[in-house]
Each structure stands twice: as C-alpha cells, then as structure tokens.
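Under my numbering, read the sequence shown as residues 1 to 741, first letter to last. Heads up, the beta-carbon is just placed ideally off N, CA and C, and yes, glycines get one too. Note that the structure is a prediction, hence the values are computed from the model and not measured. Let me begin by presenting the structure, written as structure tokens, before commenting on it.
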Amino acid sequence: MKLKNHVSNQKKFVKELVDGIYVKLIVEEAEESVIEDSVSDELNSPSKLKAHINYVSETLDTLLSENRFDEALDIVEIEDENLERLQRRKGSSAGSLKLYNSVIVEGTSVLMLKLRVVAENPRTAAAELQQALSRICRLGNGHLATDLLLKYYNFRIEAGIHSLRSLKSFPWGVYIRELSKFVFSMISQAARSFVMLHGETSPYTSELIQWAQKETEAFTSSFGAYIRSISELSGGLCTVVQSLQFAVSFCSLLEAQKLVLTPYLIQQIHPCMEEALDTYIEHFKKVVAIFTASDSWVLGKYLVSGILVESCTSVFVSDRTEYCLLTNSGRKLMTLLQAIAQDVSPLAAHEMESSTIKCLTDLFMEYISSTEKVINGDTGHLDRGKDDRTVSSMETLMNHISILFNLLTLECLFSRIIRSILNCKSQRDSSNMDEHDVLDNSFLSIQEALGRVRSCFCQQYISRIMSNQNRRRISSKASSGDPSDSVVSHDAGPSIPLQVFFLELRKIRELAEEVVEVSWMRELLKDVIEAIFDWITGNQVISTPHEEKLTLQHFEPTQDQFILDVQFLVEIAKHGEYFSENPFALEKLRESSFLSVGLDPERDTNEDDWAIIAAGEAIEKLLQIEEEEVSRSEPGGAVEGEIEPFKHKSVQDDCLSSREDSTGSDECAGGRDASLVIRTADAFYVPDTEADAAGDLDHPSEEGIHGGEGSSRMPGRELFDTELTGEAAVKDQGENEVLLD
C-alpha cells in the first residue's frame with residue numbers, strides 16, 4: 001500500500017514538472033551553473049567563455065520575453081561583476097570581452113526599455129510603478145527613475161484638476177477645498193515614493209522640490225482663475241479669503257515630509273489675491289460715494305463700543321465709557337471697514353498684512369477724497385434735500401467743521417481697526433520691521449490726506465472772506481448804513497473783511513465748541529489765522545476803503561492801512577488765545593507779512609503803537625456791537641416782526657444789514673433773498689445724568705441722533721429747521737427747541 005502511494009505521488013510530481021515547475025528548476029539550475037561557471041577559472045578559455053556568453057544571452061532573452069524582470073536583473077548584475085573580474089585578470093581576448101559586454105549591455109537596454117514602458121503606462125498601479133522604478137534604480141539610472149516618478153504624478157494631477165472642474169459651480173469654496181486637498185495629497189504621495197526610491201537624503205532631492213514648485217504654480221493658476229470667476233454676489237471677499245485658507249492649510253501638511261512649500265504658495269498666490277482685493281475695493285468705493293452723497297454732515301454722538309466690534313475695542317482698554325462724534329456717512333464707513341477687516345484679517349497670518357492694510361487704507365482715502373470735494377464745492381451734497389430753502393454760508397461752514405471733526409474721529413477709529421488686525425501677529429513678531437513700515441506708511445498717507453482737507457477748508461474759507469465779490473457786497477452795505485451798523489468805519493479802523501472775519505471767527509467758535517472739543521476747535525481756528533496771514537503774504541492785498549475802487553484786479557493798500565490790518569490780525573489771535581502755547585509763531589507770522597510787502601519789521605513798525613491801539617479799539621467796538629446785537633435779538637429785546645440778522649445769518653451778512661432786514665429789503669449781495677433759513681444744531685449732546693446717557697445713547701438710530709427717519713429726540717438742545725424772514729417774529733419752539741446763541 002505504501003509503495004502504491006509512493007508511485008502515485010511520483011506521477012503527480014512528474015506532471016507538475018511538465019506543467020511548468022520543471023522549467024523554473026531548469027532556469028534556476030542554469031543560473032547556478034552560470035554563477036558557478038563565472039567564478040571558475042575555466043572562463044579563461046576562449047571556447048568556454050564564448051559558450052558562457054551564448055548561454056547568458058539565451059537566458060536573458062527567455063527571462064525578458066516572460067517579463068521576469070527580477071531574475072533578468074539578477075543575471076545582469078552578476079554578469080556585470082564577472083565581466084569586471086575578467087577585465088582585471090587580463091587573461092581573455094579583447095574580442096571576447098567586447099562580445100561579453102555587448103550581451104550584457106543589450107540585455108540591460110531591453111530590460112530598461114520594458115521597465116520604462118511599465119512606468120509610463122498611465123494605467124499602471126502605484127505599487128507596480130514603485131517596483132519598476134526600483135529596478136531602474138538598481139540598473140544605475142536614478143535620474144530616469146525620478147523623472148518617470150514625477151511624470152506619473154504630474155499626469156495624475158492634471159487629470160484630477162480636469163475632473164474637478166465640474167465642482168466650480170458649487171458654493172462657498174468647495175471647488176478650491178477639493179482642489180487643494182487633491183493636488184497637495186498627490187505631491188505628498190510623490191514625496192513618499194521618492195523617499196522609498198532614494199532614501200531621506202538623495203542627490204535628486206532638488207528635482208523633487210522643483211517639480212513640487214511647478215505643480216504649485218499649476219495649482220495657483222487654477223486658483224486664480226477660480227477667484228476671478230467669483231461674482232460679487234456669490235460669496236465675495238469672504239470666499240476669496242476662505243479659499244486661500246484652504247490652500248494654505250493643505251499645503252502646510254507637507255512640512256511633515258520636510259517639503260516646505262507654503263511660503264512659495266503664498267508668493268505665487270499673492271498677485272491674484274491683490275487683484276481680487278482691488279476688485280472688491282473698487283466696488284466698495286462706489287458704496288462710499290453713496291454714503292457721502294446722502295450725508296447731511298451733522299455730527300451724532302455714539303458709544304465707541306457700539307461703533308467698534310469687540311476685537312477693536314479691546315486694543316485700548318479704558319475704565320470710562322468712551323463716546324465718539326461721527327456723521328452718518330462716517331458711521332456707515334466704520335461699519336463697512338470693520339466688515340471688510342473681519343473678512344481679510346486672516347490674510348495677515350499668511351504674510352499678506354501689507355495687502356490687508358492697503359485695501360483698508362485705499363477705502364478710507366477714497367472717503368477722505370470725497371469729503372475734500374464737498375469742502376471744495378465740487379459736489380452738491382450739502383444742498384441735497386434742501387431745495388425749498390437757501391443754505392446759509394454759516395450753516396455750510398458748520399457742516400465743513402463737522403466734516404473735519406468727523407475725519408478726526410475716523411482716523412482714531414481706523415487706527416484701532418488696523419492694530420486689532422495685526423495685534424496678535426505683532427505680539428509674536430514684534431521685531432518685524434516690514435510690518436511697522438507698512439503701518440507707518442499707511443498712517444502717514446492718511447495724515448497727509450487729512451492735512452490737505454484741513455488746508456482746503458482754510459483756503460476755501462479765506463477765499464470767501466477775502467474775495468472781490470464779497471468785498472464789493474460788504475462795502476455796498478457799509479456805505480448805505482449808519483453808525484449803528486456792525487462794523488467800525490473803515491477810515492478809522494481795519495479793513496471791513498477782516499472785521500467780518502473777526503466776528504465770524506467768534507460765531508464759529510461759539511457754535512462749534514458746543515459740538516466739538518474746545519482744544520481741537522482752537523487749533524483749527526489757529527490754522528485759519530495762519531492761512532489768512534499766508535494769504536496776505538501771497539497776495540499783498542487786503543481790501544479797498546471805497547467801493548468805487550473795487551475791481552477784479554488787485555491793488556496796493558496804503559502802508560498805514562496794511563500795518564493796521566496786520567496788527568488787527570495779531571490782536572485777533574491774541575484775543576482768541578490761538579497762539580498761547582507758542583507766541584513766537586505769531587510774531588513770526590507778523591514779520592513775514594511785513595517782509596512780503598517790503599517793510600522792515602524793525603525799522604518801519606517801531607513807532608506803530610497807534611496800530612496796536614487802533615486794532616484794540618476796533619476789537620472792543622466790535623465786541624460792543626456784538627453784545628448790542630445779542631441784546632436786541634433776545635426775547636423781549638426785539639420789536640415783533642424784526643429779526644436782527646447778526647443773530648441768525650452768517651456774520652458776514654449780519655454785521656452790515658440790520659437796517660435792510662428791519663425794513664424788509666430784498667437787496668442782498670449777489671441777489672440773495674432776505675428770507676433766511678437757519679439750522680440750529682446741538683450735534684453733540686452731553687447727558688446730565690448717567691441714565692440719560694444709557695437711555696438715549698447706547699443704541700442710536702441708523703440715521704443718527706439728529707434727525708432722519710427712526711431717530712429719537714433727546715432732552716436738551718435739539719436739531720430743528722426753521723424758516724425766518726424779515727417780516728416774521730421768532731416763535732417759541734418749546735422746551736426742546738432752543739436756538740443756539
């Protein structure tokens with residue numbers, strides 16, 4: 001029985017040999033024979049060597065035809081070593097060695113070609129690819145293996161990007177999220193395969209890095225195309241920033257494989273991000289234009305905590321409640337700036353803080369430019385909604401002052417917004433000089449723009465006061481008046497426009513200081529004083545004492561008149577204490593004015609005590625006249641039906657036309673109607689109690705606290721519009737309607 005089983009097993013074994021196992025055994029025996037023969041000394045015999053060469057050639061052909069790459073590779077490696085030994089022994093003929101080498105080279109070439117075909121086949125699986133590339137590296141061609149590896153993953157990335165295009169229509173950055181995930185995962189797989197081929201350190205590492213950078217550029221191209229395709233209504237700026245965050249987050253995962261591509265990615269994305277930001281800022285500039293076009297330029301009082309979001313208010317901690325004064329457009333601008341800041345603030349963490357600051361600064365500069373146009377009179381913003389009445393010059397002037405203070409508040413709040421964006425980053429990188437330079441340049445450009453607006457205000461005001469048309473109107477009124485008119489006789493005092501300037505300056509200060517900070521208002525009027533000194537220096541002309549001499553051409557005043565006018569300006573500055581902190585600056589202005597007309601301040605003005613006395617007397621007379629006008633305009637002090645113009649009209653008109661208004665004359669300069677519309681405003685309410693502040697100021701209405709739909713009225717002084725004519729009496733407006741004195 002045992003014998004029978006043994007015979008059966010032998011038959012089965014024979015059959016397996018016939019089916020293929022025998023072939024393998026033969027090859028293995030042949031390989032062993034090749035190895036044994038190669039190491040034997042018999043290869044030194046020409047006949048033996050020739051037979052061995054033929055046998056190796058046939059074996060390689062068999063193995064390669066069956067795609068048995070590992071066995072073929074083993075034979076190639078062994079025979080290559082045998083050839084080297086024979087060459088060192090120098091016992092074989094050159095012809096035999098050449099033939100031996102050609103067989104090995106040919107086998108190697110065929111093997112390399114077959115391996116390359118496998119590696120370049122896009123359908124090859126990653127595991128099979130890795131084996132083929134490893135065999136190519138064993139053949140000594142690591143560069144080709146690296147090139148084939150990178151080409152393989154490049155093909156997969158291109159195919160994946162193409163297939164993901166169908167996701168572009170998906171909302172909220174789904175396309176960029178999936179694209180980033182796919183591209184950088186492919187780069188990660190390529191890096192792992194590279195390490196498996198060459199190890200952690202390899203001379204081909206630079207090729208991998210260059211390839212990864214090129215793939216990043218390709219990703220950036222798709223990223224930029226997607227960003228440009230986003231419409232303003234489909235996610236907007238938030239989607240743009242979110243897309244960048246997706247890309248950076250996936251790219252940063254490569255750092256675990258010592259492949260740092262994030263800085264390069266940000267560098268490549270930076271231009272398209274700036275382009276996207278510019279596009280949206282241009283859109284928001286149009287929104288800012290709408291803000292300014294509809295603003296009445298009346299200041300409202302708001303809690304800072306209600307204007308700024310928590311991240312901004314936390315930059316400057318204060319124990320006291322902070323309020324700020326803003327116009328309606330200023331409040332809306334702050335809301336817009338903070339919304340944009342919240343969207344773009346993540347960019348600061350990705351070395352794009354300069355772009356963040358620039359886009360916000362550009363928007364603020366656009367607003368400043370719009371306010372400058374308003375002050376220049378390039379737009380009709382101040383007249384919007386006032387078609388039924390005339391806008392007085394005093395009201396326009398007060399609106400301009402509101403604009404300036406509004407800009408001052410916005411500058412402070414804007415600084416908080418910028419610093420809140422960079423606060424965390426600044427704490428980490430306090431030595432980042434580039435960041436500090438960006439901040440400094442931004443604030444410097446804003447301060448220069450605000451300085452231009454302030455200078456524009458001064459120039460516009462002085463030009464109106466000193467214009468030929470204005471002097472003609474004033475002199476016309478003065479020549480028809482009586483000694484009770486609100487000016488000092490020109491023959492005995494300073495030029496009439498300067499007298500008007502003094503009275504307007506007092507009226508401006510009286511009205512404005514009820515709204516804005518006293519110190520700021522004093523500085524503004526100081527700038528106005530400096531501007532009129534500059535005007536004198538540049539024009540060398542003040543005014544003419546007689547109407548008949550008024551022309552559109554400039555003229556030269558008498559020396560005494562010029563000295564008196566300059567001294568009058570000095571006395572105005574002293575009376576208002578505008579140069580109390582720097583009296584030498586006032587003296588320098590005085591000397592510059594004298595030098596501008598060729599006078600020596602020391603020689604020609606030493607005996608000019610008369611000018612000081614005359615200027616002082618003129619101020620006293622004007623103050624006396626002003627007091628009399630105030631007394632007549634108070635309730636019970638004026639005859640019913642008579643309205644003293646000094647009280648309500650611009651001082652430029654009021655100080656000369658009391659008789660005209662009392663007789664109902666319509667002959668105002670430039671054909672202006674004697675009927676006068678005034679707008680008294682308490683734009684800044686100071687609560688008497690904390691309860692008032694909490695109840696009325698915590699949540700001002702959208703249109704501000706001074707009117708507009710939905711606004712709530714507050715106790716104390718209130719905003720109202722009243723039309724007064726020369727024939728109408730002042731009516732009691734109630735407890736909450738108080739005229740500003």
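Short Cβ contact (9 Å threshold) for residue i with residue j
i    : j    : result
W297 : H436 : no
F443 : L363 : no
V528 : C458 : yes
V288 : E372 : no
D343 : G451 : no
V76  : L60  : yes
I266 : S222 : no
L64  : G107 : yes
Y461 : A531 : yes
F533 : R590 : yes
Q559 : S495 : no
N376 : C456 : yes
M352 : L410 : no
L99  : I53  : yes
S134 : L197 : yes
Y153 : E120 : no
S202 : Q257 : no
L795 : I368 : Any question about residue 795 goes unanswered here, given that the chain covers just 1 to 741.
E587 : R522 : no
L622 : Q499 : yes
V438 : S370 : no
L397 : E504 : yes
R228 : E275 : yes
M365 : A449 : yes
R116 : A127 : no
Other residues of its chain near residue i: CB distance less than 6 Å, five sequence neighbours each side excluded
i    : result
S57  : V103
Q585 : The question names Gln, but residue 585 is Ala in the sequence shown. Same-chain partners within the cutoff: F579.
S180 : F246, A247 and F250
V304 : E322 and C324
G220 : According to the sequence as given, residue 220 is Thr; it is not Gly. Here the set comprises Q268 and I269.
H699 : Confidence at H699 is low in this model, with a pLDDT of 38, below 50, so the placement of that residue is unreliable and no value is reported for it.
T537 : S592, S593 and S596
C238 : D343
A614 : L564
Those residues which DSSP pairs with residue i across a bridge
i    : result
C324 : Y302
Same chain only: Cβ atoms within 8 Å of residue i, ignoring 5 sequence neighbours per side
i    : result
A691 : The pLDDT assigned to A691 is 37, lower than 50, so where the model puts this residue is not dependable; a value taken from the coordinates is nonetheless given after this. No residues qualify anywhere along the chain.
I612 : Q567 and E571
V248 : T262, L265, I266 and H350
L73  : L111, R135, R138 and L139
T124 : V118, A132 and Y152
7 Å Cβ shell around residue i - same chain, five flanking residues per side excluded
i    : result
L144 : I136
V241 : D343, V344, P346 and L347
T361 : S442, S445 and I446
S193 : Q130 and L149
V174 : L167
D147 : none
W535 : I462 and M466
P122 : F155
D80  : I104
Contact test: residue i Cβ vs the ligand FAD heavy atom, cutoff 8 Å
i    : result
S463 : Looking at this structure, you won't find the ligand FAD or any other ligand, since it has none at all.
Beta carbon proximity, residue i to chain C, threshold 9 Å
i    : result
E514 : Within the model displayed, chain C is absent; a lone protein chain is all it includes.
**Request:** Enumerate, from N- to C-terminal direction, the unbroken alpha helix (DSSP H) stretches of 4 or more residues contained entirely within the region 570 to 610.
**Result:** 583 to 596
**Message:** With a threshold of 8 Å, are at least 3 pairs of Cβ atoms found where one atom belongs to the region 496 to 516 and the other to the region 400 to 413?
**Reply:** yes
**Request:** Report yes or no: do the region 588 to 597 and the region 625 to 632 share at least 3 C-beta pairs separated by less than 8 Å?
**Result:** no
**Prompt:** Using 8 Å as the Cβ pair cut-off and three pairs as the minimum, do the region 242 to 256 and the region 322 to 330 touch?
**Reply:** no
**Request:** For the region 88 to 158, list the alpha helix (DSSP H) runs that are entirely contained and at least 4 residues long, ordered along the chain.
**Result:** 94 to 120 and 126 to 138
**Message:** Just to confirm the assignment: which complete alpha helix (DSSP H) runs, minimum length 4, are found wholly within the region 176 to 232?
**Reply:** 205 to 229
**Request:** Go through the region 229 to 269 residue by residue and report every complete run of the beta strand (DSSP E) that reaches 3 residues or more, in order.
**Result:** none
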